[in-house]
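Okay, so here's the structure we're looking at.
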Amino acid sequence: MSEPPHLADLRALVGQPGSRGRIPTPAAVLDLDAFERNVAKMQARADAARLALRPHAKSHKCAALARIQLDAGAVGVCCAKLAEAEALAAAGIRRILVTSPIVGEAPARRAARLAAELEDFRIVLDHVDGPAELGSAAAAPIGVLIDVDVGLGRTGVSNVEQAIEVARAIAAQPNLKLIGVQGYGGHWQHMEGANARASAVAGGMARLSAVVSALRDAGHTIGVVTGGGTGSFEADAAQGVLNEVQPGSYAFMDRQYRDALKADPDGAFEQALAIAATVISTNHPRWVTVDAGLKAFATDAGPPIPLGLDGAEYGFFGDEHGRLTRPGGRDLARGDRIDFVPPHVDPTLDRYEVIHLVRGDVLVDVARIEARGASQ
Ligand SMILES: Cc1ncc(COP(=O)(O)O)c(C=O)c1O
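The sequence shown begins at 2 in this note's numbering and counts up by one.
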């Protein structure tokens, strides 16, 4: 597929000394060395704890970065939605778990198509009607997992009885195979303090464990027990209920995790992703204006943090602009470039067409975010 001209221009910068400073802003800029170290570190933690690692691709939605995670030892990736899975599958990713339940015939047909195309496609269900919908669309066996609510209350069966009902409905479909369960606790990922997270995880894992035991007692084979995120890895490993973990943000890090995890082992990842912006106006005495506003950062987790500018504070200044108070000790000039720690990585990256991969001050590659906006 041919690329639009602005991407061809960008690719012409690749490899040139100092090219990082010439990337048009606002831009998602990934320090590839730091990203690779983060990927290797999480893989080593998972290997040491004998946990399969299936990173959540919702954080980056990018096949090139998924490939780096797979090459480092991940068993596959997670996708939050079918469209995300379709986009990554089209870009060559072959082992995908969809972590949200689907509803109705059309999504079931799309899931069946993915299952037919991919080396390993799996999906979660949490309602007794789900298996009949998916089973009628399936022309070949599809691996399914029962999503279990571990206290978040977002998706998942609420109790053992519902889990057994869904398992029976799966068993009644010749083309569905129950392969495991998922229990994801999004509500404890950003709790401050390793002890607080550990005790919340323990409660949730007790619920998951009860469902796994009941399903096994009822004669179902439960191989995969998947869940977990960046903030809960230590607790997940200690609990020993999961045998597969799905962290996503660890590879990039953001303000939200930096504030919550501080020096905990779960937070021992480098800030690999920056949003680069440019100072475009300096006429006001108390602040300068940068070219990154509401469209450049997710806004759910506070303002972004300017790197290397102690005392300067960012404030959203409309859709396209940000206000940065002048820091003591350094004058900011028109054209200066500023890197920001994004507040929340997943919805921030979803705003960008590409991720700029840099090593030092050199742009070394430009990776399309193929599943950007793919939330259907
Ligand atoms: C089902 C599921 N698994 C894993 C993750 C990854 O979490 P994190 O990015 O906090 O590591 C998420 C994130 O929202 C998720 O929804």
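Yeah, the Cβ is synthetic: ideal placement off N, Cα and C, and Gly gets one too.
This structure is a prediction, so every number in the text was calculated from the model and none was measured.
By the neighbour-count definition (other C-beta atoms within 10 Å, threshold 16), Glu162 is an exposed residue.
Secondary structure note for Phe341: its beta strand (DSSP E) is the uninterrupted segment 338-342. Classified as exposed, Lys296 has fewer than 16 neighbouring CB atoms from the shown chains inside 10 Å of its CB. Judged by DSSP secondary structure, Leu209 falls outside any beta strand (DSSP E) and instead within the alpha helix (DSSP H) spanning 195-218.
The three-state reading of DSSP puts Phe317 in strand, counting E and B together. Within the same chain, Ala313, Tyr315, Leu325, Ile339, Phe341 come within 7 Å of Pro307 by CB-CB distance, once the 5 residues on both sides are set aside.
For the region 9-92, the full-length beta strand (DSSP E) segments reaching 3 residues or more read 28-32, 78-80 along the chain. Residue side-chain check: His345 keeps its Cβ at 6 Å or more from all non-hydrogen atoms of ligand 1. The beta carbons of Ala164 and Leu179 sit no closer together than 7 Å. Within the same chain, Cβ atoms closer than 6 Å to the Cβ of Ala92 are found at Ala64, Glu371, the five residues on either side in sequence being excluded. Nearest Cα to Asp265 within the set Glu193, Arg373, His7, Ala47: Glu193. If you check the CB distance, Ile97 and Val76 do not come in under 7 Å.
Nearest Cα to Val151 within the set Ala141, Ala138, Glu37, Gln190: Gln190.
Using a Cβ distance threshold of 7 Å, Val226 and Glu166 do not count as a contacting pair.
DSSP places Leu358 within a strand segment (E or B) once states are collapsed to three.
Residues close to ligand 1 by the beta carbon criterion (under 5 Å to any non-hydrogen atom) are, from first to last along the chain, His57, Thr100, Tyr185, Gln190, Gly230, Thr231, Gln247, Pro248, Gly249, Ser250. Secondary structure at Ser282: strand, using DSSP grouped into helix, strand and coil.
Taking C-beta separations shorter than 7 Å and ignoring five residues to either side along the sequence, the partners of Gly181 in its chain run Leu146, Ile223, Gly224, Val225, Val226, Thr227, following chain order. The DSSP-derived three-state label of Arg369 is strand. Excluding residues up to 5 positions away in sequence, Ser60, Thr231, Tyr258, Val346 lie with their Cβ nearer than 6 Å to the Cβ of Ser250 in the same chain. The alpha-carbon of Asp32 is positioned some 39 Å away from that of Val104.
Taking each of His357, Asn39, Gly309, Met254 in turn and checking the Cα distance to Ala302, the smallest one comes out for Met254. Between Ala86 and Val99, the C-beta gap is smaller than 7 Å, which places the two residues in contact. Taking the Cβ atoms as the reference, Pro25 lies roughly 13 Å from Ile276, outside the contact range of under 8 Å.
Rounded to the nearest whole angstrom, the CA to CA distance from Arg68 to Pro248 is 16 Å.
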